[in-house]
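Asker:
Numbering (the working numbering), first residue to last: 21 to 84.
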């Protein structure tokens, strides 16, 4: 007696994937916003730090 069919197996796998994507809809949006915010903060820090280094190089006349 065959307990499963290939079609039944693939259908169950498809339902599992659909369920997992539905579960992740809410956290994904929040994670994207978090990563964008972290990236923006890092970019602002890098620009601020680069400005400081440029000023220091101009004062010491090592800037070319």
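Virtual Cβ for every residue (Gly too), placed ideally from N, Cα, C.
Leaving out five residues on either side along the sequence, give the residues of the same chain with a beta carbon under 8 Å from the beta carbon of residue 24.
Answerer: As a working note, residue 24 is residue 4 in the chain shown. None.
Asker: Does DSSP put residue 21 in a helix, in a strand, or in coil?
Answerer: For the purposes of this step, residue 21 is taken as the residue at position 1 of the chain shown. Per-residue confidence for residue 21 stands at a pLDDT of 49, beneath the threshold of 50, marking its modelled position as unreliable; no derived number is given.
Asker: Measure the C-alpha to C-alpha separation of residue 57 and residue 48 and round it to an integer number of angstroms.
Answerer: In the chain shown, the residue the question calls residue 57 occupies position 37. In the chain shown, the residue the question calls residue 48 occupies position 28. Roughly 14 Å between the two C-alpha positions.
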